[in-house]
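Presented below is the structure to which this report refers.
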Amino acid sequence: MKDQAKHIIKIDNLSIGYSSKKKTITIASNLNIQLQTGNMVCLLGKNGIGKSTLLRTLTKVQPTLKGEIFINNANLNSLSNNELAKTLSLVLTERLPDSSLTVFELVALGRQPFTNWIGYLTSEDLQIIYTAFEKTNTKHLMNSKCYELSDGQLQRVLIARALAQNTPIIVLDEPTAHLDIHHTINTFSLLKNLASEFNKTIIISTHETNLALQLADELWLMSPSKFISGKTDELIEKNALDLLFDSKLISFNKTLKQFTISNS
Ligand SMILES: Nc1ncnc2c1ncn2[C@@H]1O[C@H](COP(=O)(O)OP(=O)(O)OP(=O)(O)O)[C@@H](O)[C@H]1O
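Here numbering that gives the first Met the number 0 is used: the first residue of the sequence shown is 0, the next is one more, and so on.
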């Protein structure tokens, strides 16, 4: 019990996938994870392996096929929507349905779990919202309509909304997919800082493998044969990265801690 109390996220024997009346498609099974607070985790794996499926399951956007997920010792299924919204925020890459919300209004929605029924923002709420704009360099976009934003601008604004939600866990599905190298590094540094300075638990699915290897405290590696989680350095030492891509084109260079083009 004492050991369990330390884990902000605990996943037991989880199977993830899609179920309809006709059939069940299992994407991955036997997932076991124990994660302590204040870590930045990068979820890595090739296209279509199941990263988004795992993040959607972890955030209760879709149901588990089997197994259990605990957040702060509470079963995910027992948490109300409001409790969940105060515990974790989710940043997805999909474009929003056309809406005439301003960027300010969108980011302010992050405060919704904490405001009263008319959504009145206190000065503390406003302070948190402005800090979120500052941290993501999006203050200048505040009065724009969301539909006017580029994909990269929208991505940063959605991260600002998650910061405004101010939850202990932030889950991001490919948060830098549309960002240039400057904003990609800026975003990763910001997320790393939230974990190390503010003790947040940050879970990011990404194809920025080399950046993840430099910055992540822990890695979750999805491969067709196995799911492995652990401290980045320990996984590098164990050659676990070799599992990631069954490709002759690239290989993992342990000394450089990077994937490089194979010499053939
Ligand atoms: N609604 C759905 N119903 C059935 N299968 C689905 C559904 N959504 C996704 N899949 C399948 O689940 C598998 C995992 O998809 P997922 O989007 O989780 O992968 P991913 O690792 O996030 O991929 P990428 O890196 O390309 O974004 C894929 O084979 C995909 O076709």
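For glycine and all other residues, C-beta sits at the position ideal for the given N, C-alpha and C.
- Task: Give the C-beta separation of Pro167 and Thr135 to the nearest angstrom, bearing in mind that I take them to be a contact with Cβ-Cβ under 8 Å.
- Result: Locating residue 167 in the sequence shown gives position 168, counting from the first residue. Locating residue 135 in the sequence shown gives position 136, counting from the first residue. Rounded to whole angstroms, the Cβ separation of Pro167 and Thr135 is 19 Å, and the two are not in contact under 8 Å.
- Item | Helix, strand or coil at Ser6 according to DSSP, with G and I counted as helix | Numbered from its first residue, the sequence shown carries residue 6 at position 7. The sequence as given places His at residue 6; Ser does not occur at that position. It is a strand residue.
- Note down, one range per segment and in chain order, each alpha helix (DSSP H) of at least 4 residues found wholly within the segment 0-63. Whole alpha helix (DSSP H) segments, 4+ residues: 1-4 and 50-57.
- Query: If you count every other CB in all the chains shown that lies within 10 Å of the CB of Asn209, and 16 or more means buried, which is it?
  - Reply: In the sequence shown, the residue the question calls residue 209 occupies position 210. Classification of Asn209: exposed, given that the 10 Å Cβ count is below 16.
- What does Asn80 pair with, by DSSP beta-bridge criteria? Translated into positions along the sequence shown, residue 80 becomes position 81. Residue pairing from DSSP leaves Asn80 without any beta-bridge partner.
- Message: Taking contact to mean 3 or more Cβ pairs, one atom from each stretch, closer than 8 Å, check whether the segment 226-242 and the segment 82-91 are in contact.
- Response: Touching, no, given that fewer than three Cβ pairs across the two stretches are closer than 8 Å.
- Item | Through-space distance from Phe251 to Leu269, alpha-carbon basis | No answer is possible for residue 269: it lies beyond the span of the chain, which begins at 0 and ends at 263.
- Please list, in chain order, all residues of the same chain as Leu120 whose beta carbon is under 7 Å from its beta carbon, the five residues on each side excluded. Here the question's residue 120 lines up with position 121 in the sequence shown. Excluding sequence neighbours, Leu120 sits near Ala107, Arg110 and Thr114.
- So Thr58 and Val170 are in contact, right, with Cβ under 8 Å, and what is the actual spacing, rounded? If you number the sequence shown from 1, residue 58 lands on position 59. If you number the sequence shown from 1, residue 170 lands on position 171. A Cβ-Cβ separation of about 5 Å places Thr58 in contact with Val170 under the 8 Å criterion.
- Report yes or no: do three or more beta-carbon pairs, one from the segment 8-19 and one from the segment 181-188, lie closer than 8 Å? By the criterion of at least three beta-carbon pairs nearer than 8 Å, the segment 8-19 is not in contact with the segment 181-188.
- Mind checking which residues open and close the alpha helix (DSSP H) that includes Gln274? Outside the displayed range of the chain (0 to 263) lies residue 274, so it cannot be described from this structure.
- Query: Looking only at its own chain, which residues have a Cβ that is under 7 Å from the Cβ of Leu105, when we skip the five neighbours before and after it?
  - Reply: For the purposes of this step, residue 105 is identified with residue 106 of the sequence shown, where counting begins at 1. Contacts found: Cys145, Val156 and Arg160.
- Query: Relative to ligand 1, is the shortest distance from any of its heavy atoms to the C-beta of Tyr119 smaller than 7 Å?
  - Reply: As a first step, residue 119 is located in the sequence shown; it is residue number 120 there, counting from the start. Within 7 Å of the C-beta of Tyr119 there is not a single heavy atom belonging to ligand 1.
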